[in-house]
Amino acid sequence: MRIATFNINGTAARLPRLLEWLAAAAPDVACLQEIKTVSENFPVQAFRDAGYHCLVHGQKGFNGVAILSKLPATETARGLAGDDADEQARYLEADVGGVRVASIYLPNGNPQPGPKFDYKLAWLARLERRAAELLALEVPVVLAGDYNVIPTDEDVFSATAMADDALTQPESRAAYRRLLYAGWMDAIRARTPVGPVYTFWDYQAGAWARNNGLRIDHLLLSPLAADRMLDAGVDFKVRGAERASDHAPVWVALRG
DNA sequence: ATGCCTATGCGACATAGA
């Protein structure tokens, strides 16, 4: 089973690229972020024609997450518990073929310090609580998404250029590291332990051409999912297409 | 020191992204 995460940066703007990628990569599950549409306007029929069921948690204009799956999916959570006032669509979770999968769009947190950074850290704390509940289930789980966290200086083209950014702050990194120490395996780093691996390249300043990237899209695997991992990687080519998202898809292959 | 691009919206610029 191949499970991918892809921040598409707008469904309407990205639909042709997205359908091309689904046809070429044929993931069994695709966790999408930044769909930037209300659920009612998500092009369910186009994905159905491509062979995918859809679960959608959208909102107007910004954010929004979805899970596409070849097998039928059973929704297990919509939104993260812990803050009833939080109306941003950033978390969707489902059972697909015996694997629990979450599509995560973590808050960016800039500028920091400030309320947006506080929201990011609070969201990370809520995610840690949900992650602990999921570990206790003792089933294969894949937490897939745009974490907006650059885990280490090896995951960024220039640590100094990003030193004041919310994505590299010690508090953001500590929360991510706590997830790893709790038992979650970073699939990309399990496959490629050393050297730069990027999943995002800014539209500005020729970042793609210069390979000025960041690694912020992650696949965290519970122990039972990690046991089944065959391979993991980034579909770099997708970022080089015309009218591409600023993120590339990241995928993991599980046995069975 | 700032903007560089891109997407969206009750568009005519503002906001958000990262």
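Using our numbering, the first residue of the first sequence is number 1146, and each one after it goes up by one.
Yeah, the Cβ is synthetic: ideal placement off N, Cα and C, and Gly gets one too.
{"Query": "Spatial neighbours of residue 1314 in its chain, beta-carbon cut-off 7 Å, leaving aside the 5 residues before and after", "Result": "1257"}
{"Query": "Cβ-based neighbour list, residue 1147, same chain, cut-off 8 Å, excluding 5 preceding and 5 following", "Result": "1170, 1171, 1172, 1173, 1174, 1396, 1397, 1398, 1399"}
{"Query": "Neighbourhood of residue 1167 by C-beta distance below 6 Å, restricted to the same chain and skipping five residues each side", "Result": "1195"}
{"Query": "Straight-line Cα distance separating residue 1316 from residue 1157", "Result": "34 Å"}
{"Query": "Any 3 or more C-beta pairs closer than 8 Å across the segment 1386-1393 and the segment 1320-1329", "Result": "no"}
{"Query": "Beta strand (DSSP E) segments (min. 3 residues) lying fully within the segment 1328-1373", "Result": "1362-1366"}
{"Query": "Residue environment, residue 1290, which counts as buried when at least 16 other CB atoms sit within 10 Å", "Result": "buried"}
{"Query": "Beta-carbon gap between residue 1268 and residue 1280 smaller than 8 Å", "Result": "no"}
{"Query": "Short Cβ contact (8 Å threshold) for residue 1379 with residue 1342", "Result": "yes"}
{"Query": "Which residues DSSP lists as bridging residue 1238, in chain order", "Result": "1222, 1247"}
{"Query": "At least three beta-carbon pairs within less than 8 Å, the segment 1216-1224 to the segment 1240-1255", "Result": "yes"}
{"Query": "Spatially closest choice to residue 1302 from 1371, 1352, 1162, by CA coordinates", "Result": "1352"}
{"Query": "Unbroken alpha helix (DSSP H) run spanning residue 1193, endpoints", "Result": "1189-1194"}
{"Query": "Euclidean distance between Cα positions of residue 1189 and residue 1199", "Result": "6 Å"}
{"Query": "DSSP-derived helix/strand/coil call for residue 1385", "Result": "helix"}
{"Query": "Which of helix, strand or coil DSSP assigns to residue 1311", "Result": "helix"}
{"Query": "Cut-off 7 Å between Cβ atoms - residues of its own chain near residue 1242, not counting five sequence neighbours on either side", "Result": "1146, 1216"}
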